[in-house]
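>
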Amino acid sequence: MRLTGRALRLTVFVGESDLWHHRPLATEIVHRAHRAGLAGASVFHGVEGFGASSVVHTTRLLSMSQDLPVAVIIVDDEPRIRAFLPQLDELVTEGLVILDEVEVIRYVGRAAGR
């Protein structure tokens with residue numbers, strides 16, 4: 000797949016303890032993005048943050064370290080990203096979903112099996 004020029008970056012912020020049918024929510028989002036044929040997805044774990052609940056979750060306080068922030072980032076062209084959004088309506092019951100316009104300068108992968 001080639002991806003250059005204008006694209007959308009989809010970022011989904013959830014908690015690492017958020018589940019979808021006993022599976023981490025971030026994992027479910029990545030696997031659905033893969034099945035949808037999107038260009039790629041990455042999950043980043045945060046070390047500190049808070050959301051709508053206003054509770055600060057941090058690695059520095061043992062009692063609050065169970066629900067650290069997680070960001071799932073997906074970049075693809077606008078039609079593919081927008082077609083994927085209904086799946087997030089189903090999956091994300093708590094969290095934040097944002098879209099940003101981005102310019103892809105270079106998107107290069109390895110050949111399969113390397």
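In terms of numbering that gives the first Met the number 0, the sequence shown has 3 at position 4, counting the first letter as 1, and numbering is strictly consecutive. Note that the Cβ used here is the ideal one computed from N, Cα and C, for glycine as well.
For histidine 44, which residues does DSSP report across the bridge?
Here residue 44 refers to the residue found at position 45 of the sequence shown. Paired residue(s): Val69.
> If you drop the 5 nearest sequence neighbours on each side, which residues of the same chain put their C-beta closer than 7 Å to that of glutamine 86?
Reading the sequence shown from its first residue, position 87 is the one you call residue 86. Excluding positions up to five away in sequence, the list reads Arg31.
> Looking only at its chain, what residues have a beta carbon closer than 6 Å to the beta carbon of glycine 14, apart from the 5 residues adjacent to it on each side?
Walking along the sequence shown from the start, residue 14 turns up at place 15. Excluding residues within five positions, the ones whose Cβ falls inside 6 Å are Asp66.
> Run through DSSP, which three-state label would threonine 92 get?
For the purposes of this step, residue 92 is taken as the residue at position 93 of the sequence shown. Threonine 92 falls in the coil class under three-state DSSP.
> Using DSSP's beta-bridge definition, name the partner residues of valine 103.
On the sequence shown, position 104 is the one that residue 103 refers to. The partner list for valine 103 (beta bridge, DSSP) reads Gly4.
> Can you name the start and end residues of the alpha helix (DSSP H) that alanine 25 belongs to?
Here residue 25 refers to the residue found at position 26 of the sequence shown. Per DSSP, alanine 25 belongs to the alpha helix (DSSP H) from 24-34.
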